[in-house]
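Asker: Input: one structure, supplied below.
2 protein chains.
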Amino acid sequence: MNGLRGKRDPVVAIVGATGAVGREFLALFEERALEHGELRLLASARSAGGEIAYRGRAHTVRALSREALEGVDLALFSAGGAVSKEYAPIASEMGAVVVDNSSAFRMDPGVALVVPEVNGALLDGIGEGGAIIANPNCSTIILMLALHPLRERFGIERAIVSTYQAASGAGAAAMEELRSQTRTVLDGGAPEPKVFPEVCAFNVFSHNSKVDEATGRNVEEQKMIDEVRKIWGDDSVRISATCIRVPTLRAHCESVHVMLGNAAGVDEVRRVLADAPGVELVDDRAGNRFPTSLRASGKDAVLVGRVRVAGDAATDGAGWARSFELFIAGDQIRKGAALNAIQIGERLLGRA
Amino acid sequence: MNGLRGKRDPVVAIVGATGAVGREFLALFEERALEHGELRLLASARSAGGEIAYRGRAHTVRALSREALEGVDLALFSAGGAVSKEYAPIASEMGAVVVDNSSAFRMDPGVALVVPEVNGALLDGIGEGGAIIANPNCSTIILMLALHPLRERFGIERAIVSTYQAASGAGAAAMEELRSQTRTVLDGGAPEPKVFPEVCAFNVFSHNSKVDEATGRNVEEQKMIDEVRKIWGDDSVRISATCIRVPTLRAHCESVHVMLGNAAGVDEVRRVLADAPGVELVDDRAGNRFPTSLRASGKDAVLVGRVRVAGDAATDGAGWARSFELFIAGDQIRKGAALNAIQIGERLLGRA
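The listed protein sequences correspond, in order, to chains V and E.
Its first residue numbered 1237, the first sequence is counted upward by one per residue in my numbering.
Its first residue numbered 1237, the second sequence is counted upward by one per residue in my numbering.
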């Protein structure tokens, strides 16, 4: 049992309150009527002094410091890896439970990497005093919500994933770059890339994270492989990922080829997905209505559809097969970041 | 030998001259300095009477009819399946060699389905008098340029493809819809879909073609499977495709997971692709420079990059593996349609 469980008026800090995910934390607090005590909106010194409206009144943004973390029970960090590396250990030592949205601690063997629908039980073991819990990368969370129920029911032999990632994954500045570049193109101009290495308006390009010279994988792809293995606690999971940016504003889509451990029929696979927590099946073949970026935007659920036997699969006479295709879409800022962290917080507080 | 080979001033007709592919035919004729005799620009009665500039002078568009096809040696059709079904057999009976860009005859056992770099030799057997030759679907052509050299060298066990398809694949009206919807969104409005079943601005959605109730595959995906098998003349090829629309204007991208028949090293795979006809390797890991929609737009070559051992692959100590990932981009209107048809025409004329 941790010190947070059942605490009536926990002091909550949002570190990175002015960013895209920070804003989403506040929207979700209101939407979920999350009860808490004092709320501290923290950000860089540059953003300090500004005001953010929350539950009908203006809250002043304070600069992040050791002092600002004093007495905090739950700290939601989303201000980038450098800030987390410096301040998450401080907050934790001062007694706060930190839910960190950066990649700084995800692969730390002493830190739990949690998707509540998958391995939320890990949170029940978080002990008295401070702790750091890592929120997985957005594309990992969205993928796990679809893969985990299939793994529980059929086992998974391998998964091959291609992503369609929105500008939001690179923050509010990237979203603004997509908007302004798009306007430039429509007006006949030639935009200059700034946030991304490539023009993002009307373009599809390989994810902007660094590419490893030896493996050829970019950081985003390596994260997906490593995080999936850690969350499932199985280093033998075979997964291949290709991470690609598309000119959309906020939800990520993923095309997923999955080979199950045991053969199944498509109806059974569909049923397992429809019953899975956090998943909404959107799979209307007659109406050509499936998960899309826009349909997933602003939604809590990860949408799953295009469920079908893979084109390369061997099937028996009854249509049972081991290889299936899925197409999934999830709001990158919501379930891919802020919502997952809040669900972790709710469980730590004993409210989920 | 066909009647076209070596003909000095062939009469050429473009059927569908006012469409996106029709316009590209003319641009490519100029660019390639293709010599021909009389040029007939044909279109629906609705478009007849308009003028199109070509090689410095205005050409009048005529309505498609039996009479308009009289004396034509080479007819390039790109006016949709219904027009091809009606007029391609007429043109062929009247002695023309038809290169048809629609899906009407692709799977006809009596019609050659040709990507010149792959099975262009079939054209050398086209006999005296008229004939119909089918141009494959855009996403098939782009895929084949990357897969064929790998198959020749290593064999291919299976391929899993996810596409990132531009609006251009649905024609000029779809491109205009993307532009106008995008402007509406940027101005704060809510666009109404017309050409596509979903809003296309800032959205990713499953391909708009009809979805088969039994298999769950859409027509675009089934085309890719069927056409690849026909072009290679091998019904046992295992291929799975997920076809997705993204908000780009003209080039298609494809994320391709390929399992080779024999193990290979990544450098050897890269070399085979770099040497392949019609392919340009764009694979700069250090510079994060790979194929993109914009980089492929207006180019003849299909760009291939992100060449790496797949994340799920077993490797021996030397890094040899059977499963690889590729990311490819090709101009859908150019190599995916007009250029491939013109290359077929050039080979029929004995000029390639």
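Even glycine gets a Cβ: it sits at the ideal position worked out from N, Cα and C.
Can you tell me the Cβ-Cβ gap for GLY1366 of chain E and ALA1315 of chain E, rounded? I've got them flagged as a contact below 8 Å.
Answerer: So it is not a contact: roughly 18 Å between Cβ atoms.
Asker: Restricting to Cα atoms, I'd like to know which of E:ALA1450, E:SER1559, E:VAL1397 is closest to GLY1391 of chain E.
Answerer: E:SER1559
Asker: Ends of the beta strand (DSSP E) at GLY1566 of chain V?
Answerer: 1557-1567
Asker: Give me the chain E residues within the contact set of LEU1422 of chain V, using Cβ-Cβ distance strictly less than 7 Å, ordered along the chain.
Answerer: ARG1415, THR1418, ARG1419
Asker: Which residues does DSSP list as the beta-bridge partners of GLU1364 of chain V?
Answerer: The partner list for GLU1364 of chain V (beta bridge, DSSP) is empty, contrary to what the question assumes.
Asker: For a test of the three-state rule: what should DSSP assign to ARG1342 of chain E, helix, strand or coil?
Answerer: coil
Asker: Identify the continuous beta strand (DSSP E) that holds VAL1333 of chain V and give its terminal residues.
Answerer: 1333-1336
Asker: For CYS1489 of chain V, which residues in chain E fall below 7 Å Cβ to Cβ?
Answerer: VAL1440
Asker: At least one CB of chain V closer than 9 Å to the CB of PHE1390 of chain E: is that the case?
Answerer: no
Asker: Can you give me the start and stop residues for the alpha helix (DSSP H) that ARG1465 of chain V sits inside?
Answerer: Its alpha helix (DSSP H) spans residues 1455-1468.
Asker: Might you give, ordered along the chain, the residues of its own chain that have their beta carbon closer than 7 Å to the beta carbon of SER1283 of chain V, omitting 5 neighbours on each side?
Answerer: THR1254, VAL1297
Asker: Identify the continuous alpha helix (DSSP H) that holds HIS1493 of chain E and give its terminal residues.
Answerer: From DSSP, HIS1493 of chain E is part of no alpha helix (DSSP H) but of the beta strand (DSSP E) over 1487-1500.
Asker: Out of curiosity, what's the CA-to-CA distance linking ASP1309 of chain V and GLU1274 of chain V?
Answerer: 10 Å
Asker: Counting C-beta neighbours from all protein chains within 10 Å, is the total for LYS1466 of chain V 16 or more, i.e. buried, or is it exposed?
Answerer: Answer is buried; the Cβ neighbour count reaches 16.
Asker: Going straight from the alpha carbon of MET1380 of chain E to that of VAL1464 of chain E, what length do you get?
Answerer: 7 Å
Asker: Near VAL1248 of chain E, what residues of its chain come up, given a Cβ to Cβ distance below 6 Å and the 5 sequence neighbours on each side ignored?
Answerer: HIS1272, LEU1275, LEU1310
Asker: Taking the straight line between their C-alpha atoms, what separation do you get for ALA1546 of chain V and ASN1576 of chain E?
Answerer: 29 Å
Asker: Using CA coordinates, which residue listed in E:GLY1501, E:LEU1383, E:ALA1512, E:ASP1511 is at the minimum distance from GLU1490 of chain E?
Answerer: E:LEU1383
Asker: Mind pulling the chain V residues with CB within less than 8 Å of SER1476 of chain E?
Answerer: By Cβ distance, chain V contributes HIS1493, ALA1546, GLY1547, ASP1548, ALA1549, SER1559, GLU1561.
Asker: Which residue's Cα is closest to the Cα of TRP1471 of chain V: V:CYS1479, V:ASP1462, V:ARG1342, V:GLU1504?
Answerer: The question names Trp, but residue 1471 of chain V in the sequence shown is Asp. That would be V:ASP1462, whose Cα lies nearest to the Cα of ASP1471 of chain V.
Asker: Would THR1376 of chain V count as contacting chain E if we go by Cβ distances under 9 Å?
Answerer: no
Asker: Taking 8 Å as the threshold, find out whether the region 1409-1419 of chain E comes into contact with the region 1501-1520 of chain V through three or more Cβ pairs.
Answerer: Flag = no, the region 1409-1419 of chain E and the region 1501-1520 of chain V do not touch.
Asker: Return the CA-CA distance between ILE1396 of chain V and GLN1458 of chain V, expressed in angstroms with no decimal places.
Answerer: Taking the straight line from one Cα to the other gives about 13 Å.
Asker: Can you say whether ARG1291 of chain V is buried or exposed, counting buried as having 16 or more other CB atoms within 10 angstroms of its CB?
Answerer: exposed
Asker: Looking at chain V, which residues of the region 1511-1523 of chain E have a Cβ within less than 8 Å of any of its Cβ atoms?
Answerer: ARG1521, ALA1522
Asker: Report the CB separation of THR1399 of chain V from ILE1288 of chain V in whole angstroms; it is logged as a contact under 8 Å.
Answerer: Actually they are not in contact, since the Cβ atoms of THR1399 of chain V and ILE1288 of chain V sit about 31 Å apart, beyond 8 Å.
Asker: What span of residues does the alpha helix (DSSP H) with ARG1268 of chain V cover, start to end?
Answerer: No alpha helix (DSSP H) contains ARG1268 of chain V, which DSSP labels as neither H nor E.
Asker: Which first and last residues belong to the alpha helix (DSSP H) in which THR1376 of chain E is found?
Answerer: For THR1376 of chain E, the enclosing alpha helix (DSSP H) covers residues 1374-1390.
Asker: When the cut-off is 9 Å and only beta carbons count, does LEU1381 of chain E lie next to chain V?
Answerer: no
Asker: With a threshold of 16 other CB atoms inside 10 Å of the CB of ARG1583 of chain V, please say whether the residue is buried or exposed.
Answerer: Label assigned to ARG1583 of chain V: buried.
Asker: So with Cβ pairs under 9 Å, would you call LEU1485 of chain V a contact of chain E?
Answerer: yes
Asker: For PRO1246 of chain E, does the count of other Cβ atoms within 10 angstroms reach 16, so buried, or fall short, so exposed?
Answerer: buried
Asker: The beta strand (DSSP E) with GLU1582 of chain V in it runs from where to where?
Answerer: Note, GLU1582 of chain V: premise wrong, no beta strand (DSSP E); alpha helix (DSSP H) at 1575-1584.
Asker: Which chain E residues are close to PRO1433 of chain V, counting only those with a beta carbon under 7 Å from its beta carbon?
Answerer: ASN1524
Asker: Would you check if the distance between the CB atom of ALA1477 of chain E and the CB atom of ASP1567 of chain E is smaller than 9 Å?
Answerer: 9 Å or more divides the Cβ of ALA1477 of chain E from the Cβ of ASP1567 of chain E.
Asker: Can you tell me which residues form a DSSP beta bridge with ARG1394 of chain E?
Answerer: E:ARG1474, E:MET1495
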